[in-house]
Amino acid sequence: MIAPLATLAFLATLWLLVVVGASVLEQSGAKIAAALRGAPAAPQTYAMVRGRTRSRLQQPMRAVPRWRAAA
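And the structure:
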């Protein structure tokens, strides 16, 4: 009874490896092929992404005599 379960686990693992390998080749297959040929890969274009951050400008603190005495 253990042999069929082990065979099933082996085949499921093998299928998962094939699926993951196909996914990797789909994403970076052109780069791998270019590296094997020794040619540079096609240049990738990157889109500029600007985050919407608000930088708060801190007003300079003026020293007040009572603050100096407290320090």
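Taking my numbering, the leading residue of the sequence shown gets 1, the next gets one more, and so forth.
The C-beta atom is built at its ideal place from N, Cα and C for all residues, glycine as well.
- In the DSSP annotation of this structure, the continuous segment of the alpha helix (DSSP H) that includes Arg37 starts and ends at Ile2 to Arg37.
- Distance between Ala6 and Leu14, taken at the CA atoms: about 12 Å.
- In the three-state DSSP reduction, Pro65 falls in the helix class (H, G or I).
- Straight through space, the alpha carbons of Leu8 and Glu26 are spaced by roughly 27 Å.
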